[in-house]
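In our numbering, the protein residues as written are 1 to 350.
Each residue gets a CB set at the ideal place from its N, CA and C atoms; glycine is no exception.
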């Protein structure tokens, strides 16, 4: 009799606990929806350059203890971007530090979106916290590759093709990022380190010794150098892969074709680089990561990258729009364009 009584009591308590949990979940659902709406309102304000409004909304979410982990992370990312755009460097710094404290998993900003100064601040804080320039990896055993901007050796139309110094490097980074077991360092991070340590003697020119040193500081397994020459109806692209630890040249290759075949040439070199460092990069991986088949789109995109780095969001926007006019499916150009919109709106505000 007593056993049945205790059993009934236990079941009653369990039922009450479940009921309380259900009620709590139901009660929090409207609150979670409201937080989601606040986050979307903040993002919308950021995208039209209403940075003060965005910051107020995002700060309220970050300070609310009931904000979910994922919403807090997203709010902190946008808070950092908005604070940078509003020239509130201390607030941006605090937002990024809070974001890093939420790891794991590893947080890495997408350099295709957001103010370039946000990405540079992230690199600064990583270095301050860790005391090292080495790139963070989710898997410590993963191979790491640094791809330097290419050298333009063209004689014909040298200035016309010059933006491809950044464009070809960006393209190979994008392709090789699809390789299994390989971490490819962002162009922006390499440039940040070169600027930080004053390794770049002339604008756009890095000597091989400095590049290998930069690769070593970044914890790279290898450093890839590239050069191209456009002459008449021919395009030569060459690459040289150097093992950072020993200075050994692992690969020295050159491909030749027509300028309009640039994507196939870069794909071929990317495959050879992957084989040289013993990582997997199949035809399917390349196909999924193909950027554009249009040389005009690639040239416009590359010019946009140059202007972004020069701090000209309005000029960069025009070139990314031109790239999309040549190739409406150019995903990277669209992502860059979306990331620039708040900065362009701020630059054009009366």
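N- and C-terminal bounds of the beta strand (DSSP E) containing residue 300: Note, residue 300: premise wrong, no beta strand (DSSP E); alpha helix (DSSP H) at 295-309.
Over what stretch of residues does the beta strand (DSSP E) that includes residue 96 continue unbroken? Not the beta strand (DSSP E): residue 96 falls in the alpha helix (DSSP H), residues 89-101.
Per-residue DSSP class, three states only, for residue 151: strand
Shortest alpha-carbon distance to residue 47 belongs to which of 303, 85, 194? 85
C-beta contact flag for residue 182 and residue 214 at 7 Å: no
Would you call the CB atoms of residue 79 and residue 95 closer than 7 Å? yes
What beta strand (DSSP E) runs, 3 residues minimum, are completely inside the segment 212-252? 222-231, 234-243
Below 7 Å between beta carbons: does that hold for residue 323 and residue 301? yes
Which residues mark the beginning and the end of the beta strand (DSSP E) in which residue 344 is found? Unbroken run through residue 344 is the alpha helix (DSSP H), 331-348; no beta strand (DSSP E).
DSSP on residue 210, reduced to helix/strand/coil? helix
With which residues is residue 256 paired in a DSSP beta bridge? 236
Consult DSSP for residue 177 and reduce its assignment to one of helix, strand or coil. coil
Extent of the continuous beta strand (DSSP E) to which residue 266 belongs: No beta strand (DSSP E) contains residue 266, which is instead part of the alpha helix (DSSP H) from 262-276.
Anyone know if the C-beta pair for residue 304 and residue 113 falls short of 7 Å? no
Sufficient close CB pairs (3 or more, under 8 Å) joining the segment 140-152 to the segment 222-238: yes
So the alpha helix (DSSP H) residue 121 belongs to, where does it begin and stop? 116-130
Taking all protein chains shown into account, decide if residue 197 is buried (16 or more other Cβ within 10 angstroms of its Cβ) or exposed. exposed
Close-in-space but distant-in-sequence residues of the same chain around residue 270 (CB under 8 Å, 5 per side omitted): 172, 175, 176, 281, 286
Taking a contact to mean a Cβ-Cβ separation below 7 Å, would you say residue 249 touches residue 255 in this structure? no
Cβ separation of residue 61 and residue 75, assumed to be a contact under 8 Å, to the nearest whole Å: 4 Å
Is there a Cβ of chain B sitting closer than 7 Å to that of residue 39, yes or no? Among the chains of the structure shown, chain B does not appear; only one protein chain is present.
Do residue 35 and residue 364 count as a contact pair if the criterion is CB distance below 7 Å? With the chain covering only 1 through 350, there is no way to say anything about residue 364.
Give the range of the beta strand (DSSP E) segment to which residue 184 is assigned. 182-184
Could you check the C-alpha separation between residue 329 and residue 299 for me, to the nearest Å? 15 Å
Pick from 50, 134, 144 that is closest to residue 178, judged by C-alpha positions: 144
Should residue 230 and residue 154 be called a contact, given that it needs their Cβ atoms to be closer than 7 Å? yes
Starting from residue 68, trace the alpha helix (DSSP H) both ways and give me its first and last residue. That residue, residue 68, is in no alpha helix (DSSP H); it is neither H nor E in DSSP.
Are residue 314 and residue 344 close, meaning C-beta to C-beta below 7 Å? yes
Around the C-beta of residue 103, are 16 or more other C-beta atoms found within 10 angstroms, so that it is buried, or is it exposed? exposed
Three-state secondary structure (DSSP) at residue 292? coil
Suppose contacts are defined by Cβ-Cβ distances below 7 Å. Is residue 184 in contact with residue 216 by that definition? no
On a Cα-Cα basis, can you pick out the residue from 89, 165, 341, 190 that is closest to residue 133? 190
Where residue 106 falls: helix, strand or coil (DSSP): coil
Spatial neighbours of residue 45 in its chain, beta-carbon cut-off 7 Å, leaving aside the 5 residues before and after: 53, 54, 57
Taking just the CA atoms, how far does residue 99 sit from residue 387? Outside the displayed range of the chain (1 to 350) lies residue 387, so it cannot be described from this structure.
Ignore the nearest five residues each way along the sequence and tell me which others in residue 258's own chain have a CB closer than 8 Å to its CB. 233, 234, 235
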